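Enquirer: The structure's right below; bear with me while I get my questions together.
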Amino acid sequence: MSKKTINLLIEAEPEPELIRRFKKISPLITVTVLIVFIIAYSISLIYVNTNIEEYNQIKSQVDKLESEISAKKSSESIYMTSVGVLETIKRIMSKDTKIIVNTLPILYKTQINNVVITASTIDSKGPAGLNVKTSSIDTLENFIDELKFLEKSNNFKDIQAAGIVRETDGSYTLSINLTVNKMSQ
Amino acid sequence: MKDRNLNFLKIIKHYEIPLTCLVVLIFIGFLIVKSLIPNIFKAGELKRNGEMLQQKLTILQNKSNVLNSVDERLLKDNFIKLNYIVPDNKDYVLLFTTLDTLQQKLGVSITRTDFQLGVISTSSALLKKSDALESFSVPINLEIIGTIDQLQNFIIELSNLSGRLITTDNIKIEVMDYGLVKANITGNTYFNPLPKEIGAVDSAIPEFNQNYQEIFKKILENQYPIGIIEETKQEVPVGKNNLFL
């Protein structure tokens, strides 16, 4: 009579692969997250504490300087007022081209004999006009040569003669418009 | 019932490692929300405030250095001179004083002085504000007689910071007898109302740079002695402040 064996233990079903992996990975993930948290939190704590110290130092310096500056209100007041006036003067002076004051000697001190500038207008932006009276056509030519020289030497540009009138006494009057060069000032 | 509990315990025991991990992760999450994130925000705020405070400190240090280098006495003693160049109001008396002083000094004759009456008559009159200069200007027209040299010196003196600052926009010259010329000068003089209050304690202030030093030095060198200015000023007849009273 042959023996029969019966297995009374229920055979365990194998766990799905995903769960087995999860069981292995989950402690790793947890430990990693915990370490990252500890590091991040420690860094943030160190950063905050260090910076609070630095911040408080700067704050005390700021408070000290503010009280020092407050004590110098009268100095600040006179200084700011003076600088305000000086700034205004600086801006006004920077707009002043000096064209008029620099052109006067060029026009009136380089005059040729028997040539008279009877009237002139000079604008600070450059345009100028002259009324010239000469005793003869030769002196008029000399004057025009002088103007050409001044144009070449970069004092004037756009020199235009508006018209020549011959008077009964043989003299000539000439109207000239020109532009004074700012570069030459 | 007993079987169900046994079954539940069996499941828990079976998954004890993942469940423990889950509990730890939830706890870490709680700590992140309650501690780490507020700390990070605090650090960010501290950084921003620290930067602002550092900027403020730099401004204050510069301001303190500038104020320490200021010769308050020199500025106080000479502010009146600055005020003569560009006064804080229209001050036509000072304008006449400047022209009278120039007349006496250079020998020119000022035959006519025109201002825009509305501009200089009362403080409520029309103010012509120049955008480019950001200062107030008073248009002025002068007729003077003198030689060309005198005329040239006159124009130089108008803007050489010896008296009230006057800039020349245009000049018309007619030649007269005896080497004299008659010049019609169009220009502007300026005034600059003073600020009513200074800025906050942490407001930046400009340095007393080279440009300011040069202008200040030029004013001290060129300006007529204050005594002479005051003396001449007293000689200028002053009318009513209000034309209608």
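Protein chains in written order, with the working numbering: chain Y, 257 to 441; chain G, 803 to 1047. Backbone N, C-alpha and C define an ideal beta-carbon position, used for all residues, glycine too. Just so it is clear, the structure is predicted and the values come from calculations on it, not from any experiment.
With distances taken between CB atoms, is the gap from G/Q861 to Y/E332 smaller than 7 Å?
Expert: Numbered from 1 along the second sequence, position 59 holds the residue referred to as residue 861 of chain G. Numbered from 1 along the first sequence, position 76 holds the residue referred to as residue 332 of chain Y. For clarity, residue 861 of chain G is Ile in the given sequence; the question names Gln instead. Result no, Cβ atoms of G/I861 and Y/E332 do not sit closer than 7 Å.
Enquirer: Within 7 Å (strictly less), CB to CB, does Y/Y311 reach chain G?
Expert: Taking the first sequence and counting its residues from 1, one reaches residue 311 of chain Y at position 55. Yes - at least one Cβ of chain G is within 7 Å of the one on Y/Y311.
Enquirer: What whole-angstrom Cβ distance do G/S961 and G/L967 have, given they're in contact under 8 Å?
Expert: To locate residue 961 of chain G, count along the second sequence from 1; it is residue 159. To locate residue 967 of chain G, count along the second sequence from 1; it is residue 165. Sure, about 6 Å apart at Cβ, within 8 Å.
Enquirer: Work out the CA separation of G/G948 and G/G909 for me, nearest whole Å.
Expert: Numbered from 1 along the second sequence, position 107 holds the residue referred to as residue 909 of chain G. Numbered from 1 along the second sequence, position 146 holds the residue referred to as residue 948 of chain G. Each residue's alpha carbon lies about 7 Å from the other.
Enquirer: Residues in the region 319-335 of chain Y with C-beta within 8 Å of chain G's C-beta atoms, listed in sequence order?
Expert: Under the 8 Å Cβ criterion, the region 319-335 of chain Y contributes L321, E322, E324, I325, S326, K328, K329, S330, S331, E332, S333, I334, Y335.
Enquirer: Select from G/K836, G/Q906, G/N1013 the residue whose C-alpha is nearest the C-alpha of Y/I345.
Expert: What you label residue 345 of chain Y is simply residue 89 of the first sequence in a count that begins at 1. Of G/K836, G/Q906, G/N1013, the residue nearest in Cα terms is G/N1013.
Enquirer: Taking the beta strand (DSSP E) that Y/P383 falls in, what are its first and last residues?
Expert: Counting from 1 along the first sequence, the entry for residue 383 of chain Y is found at position 127. Unbroken beta strand (DSSP E) run through Y/P383: 383-390.
Enquirer: Return the bridge partner residues of Y/S380 from the DSSP annotation.
Expert: The sequence position of residue 380 of chain Y within the first sequence is 124, counting from 1. Note: Y/S380 sits in no beta bridge, so no partner.
Enquirer: Counting contacts by CB-CB distance shorter than 7 Å, is Y/Y297 in contact with chain G?
Expert: If you number the first sequence from 1, residue 297 of chain Y lands on position 41. Yes - at least one Cβ of chain G is within 7 Å of the one on Y/Y297.
Enquirer: Any beta-carbon of chain Y closer than 7 Å to the one on G/N1013?
Expert: For the purposes of this step, residue 1013 of chain G is taken as residue 211 along the second sequence, with counting starting at 1. Judged by the 7 Å Cβ criterion, G/N1013 is in contact with chain Y.
Enquirer: Where do the N-terminal and C-terminal ends of the beta strand (DSSP E) with G/N990 fall, by residue?
Expert: In the second sequence, counting from the first residue as 1, residue 990 of chain G sits at position 188. Looking at the DSSP string, the run of the beta strand (DSSP E) that includes G/N990 is 983-993.
Enquirer: From this set, G/S939, G/V872, G/I839, G/M978, which residue's C-alpha is nearest G/K892's C-alpha?
Expert: Taking the first residue of the second sequence as 1, we reach residue 892 of chain G at position 90. It is G/S939.
Enquirer: Give the residues from the region 970-999 of chain G that approach chain Y closer than 7 Å (Cβ to any Cβ), ordered along the chain.
Expert: Residues T970, D971, N972, I973, K974, I975, E976, V977, Y992, N994, L996, P997.
Enquirer: So, G/I946 versus G/I973, is the Cβ gap smaller than 7 Å?
Expert: On the second sequence, residue 946 of chain G is found 144 positions in, with the first residue counted as 1. On the second sequence, residue 973 of chain G is found 171 positions in, with the first residue counted as 1. It is not a contact, given that the beta carbons lie outside the stated cut-off.
Enquirer: Any beta carbon of chain Y sitting closer than 7 Å to that of G/L876?
Expert: Here residue 876 of chain G is taken as the residue at index 74 of the second sequence, counted from 1. No, its Cβ sits nowhere closer than 7 Å to a Cβ of chain Y.
Enquirer: Quick check for students: name the residue ranges of the alpha helix (DSSP H) that lie wholly in the region 862-886 of chain G, counting only runs of 4 or more.
Expert: As far as the region 862-886 of chain G is concerned, it has no whole alpha helix (DSSP H) run of at least 4 residues.
Enquirer: Is Y/N411 near the ligand SAH, judged by its Cβ being under 6 Å from some heavy atom?
Expert: Among the components of this structure there are no ligands whatsoever, and the ligand SAH is therefore not found.
Enquirer: So, for G/D805: in the same chain, excluding its five sequence neighbours on each side, which residues have a beta-carbon less than 6 Å away from its beta-carbon?
Expert: Stepping through the second sequence from its first residue, residue 805 of chain G is reached at position 3. Here the set comprises nothing.
Enquirer: Kindly list, in the order they appear in chain G, the residues whose Cβ is closer than 8 Å to that of Y/G382.
Expert: As a first step, residue 382 of chain Y is located in the first sequence; it is residue number 126 there, counting from the start. Chain G residues near Y/G382: none, gap ~11 Å exceeds 8 Å.
Enquirer: Pick from G/F1010, G/L896, G/E1023: whose alpha carbon is nearest that of Y/T337?
Expert: For the purposes of this step, residue 337 of chain Y is identified with residue 81 of the first sequence, where counting begins at 1. Y/T337 has its Cα closest to that of G/F1010, out of G/F1010, G/L896, G/E1023.
Enquirer: Contact criterion: CB-CB distance below 7 Å. Does Y/F293 meet it with respect to chain G?
Expert: The residue you call residue 293 of chain Y lines up with position 37 of the first sequence. Output row for Y/F293: interface = yes.
Enquirer: Could you round the C-beta distance between G/L791 and Y/Y311 to whole angstroms and report it? I think they count as a contact, below 8 Å.
Expert: Here chain G covers residues 803 to 1047 and nothing more, so residue 791 of chain G does not appear.
Enquirer: Residues of chain Y with a CB under 8 Å from the CB of G/G965: which are they?
Expert: The residue you call residue 965 of chain G lines up with position 163 of the second sequence. By Cβ distance, chain Y contributes nothing, its closest Cβ being about 13 Å from G/G965, past 8 Å.
Enquirer: For G/F993, count the other beta carbons within 10 Å of its own beta carbon; 16 or more makes it buried, fewer makes it exposed. Which is it?
Expert: Within the second sequence, the letter at position 191 stands for residue 993 of chain G. Answer is buried; the Cβ neighbour count reaches 16.
Enquirer: Under a three-way DSSP split, which group does G/L944 fall into?
Expert: Position 142 of the second sequence, counted from the first residue, corresponds to residue 944 of chain G. Strand, per DSSP.
Enquirer: So, are the CB atoms of Y/S431 and Y/N398 less than 7 Å apart?
Expert: Counting from 1 along the first sequence, the entry for residue 431 of chain Y is found at position 175. Counting from 1 along the first sequence, the entry for residue 398 of chain Y is found at position 142. No, the pair does not count as a contact, with Cβ atoms beyond the cut-off.
Enquirer: Looking at chain G, is there any beta carbon in it that lies within less than 7 Å of the beta carbon of Y/D425?
Expert: Reading the first sequence from its first residue, position 169 is the one you call residue 425 of chain Y. No, Y/D425 lies away from the interface with chain G (no Cβ there is under 7 Å from its Cβ).
Enquirer: For G/L1022, which residues from the same chain have a beta carbon less than 8 Å from its beta carbon, with the 5 sequence-adjacent residues on both sides left out?
Expert: If you number the second sequence from 1, residue 1022 of chain G lands on position 220. Excluding sequence neighbours, G/L1022 sits near N880, K883.
Enquirer: Helix or strand or just coil, what does DSSP make of G/A1002?
Expert: For this step, residue 1002 of chain G is matched to residue 200 along the second sequence. Here G/A1002 sits in coil by DSSP.
Enquirer: Which value, in whole angstroms, describes the spacing of the CA atoms of Y/I415 and Y/E407?
Expert: Looking up residue 415 of chain Y in the first sequence gives position 159. Looking up residue 407 of chain Y in the first sequence gives position 151. If I take the Cα positions, the gap works out to 8 Å.
Enquirer: Report yes if the C-beta distance between G/I957 and G/T970 is below 7 Å; otherwise report no.
Expert: For the purposes of this step, residue 957 of chain G is taken as the residue at position 155 of the second sequence. For the purposes of this step, residue 970 of chain G is taken as the residue at position 168 of the second sequence. A contact, by the Cβ cut-off of 7 Å.
Enquirer: Since Y/F412 sits in a beta bridge, which residues does DSSP pair it with?
Expert: Your numbering for residue 412 of chain Y matches position 156 in the first sequence. Answer by DSSP bridge pairing, in chain order: Y/V436.
Enquirer: Could you tell me whether the Cβ of Y/D379 comes closer than 7 Å to any Cβ of chain G?
Expert: Taking the first sequence and counting its residues from 1, one reaches residue 379 of chain Y at position 123. Judged by the 7 Å Cβ criterion, Y/D379 is in contact with chain G.
Enquirer: Beta carbon of G/K1019, beta carbon of Y/I334: below 7 Å?
Expert: Within the second sequence, numbered from 1, the residue matching residue 1019 of chain G stands at position 217. Within the first sequence, numbered from 1, the residue matching residue 334 of chain Y stands at position 78. No, these two residues do not count as a Cβ contact at 7 Å.
Enquirer: Please check if any C-beta of chain Y sits within less than 7 Å of the C-beta of G/Q952.
Expert: In the second sequence, the residue the question calls residue 952 of chain G occupies position 150. Not one chain Y Cβ lies under 7 Å of G/Q952.
Enquirer: Interface residues of chain G around Y/A418 at Cβ under 9 Å?
Expert: Locating residue 418 of chain Y in the first sequence gives position 162, counting from the first residue. Within 9 Å Cβ-Cβ: nothing; Y/A418 doesn't reach chain G, min ~16 Å.
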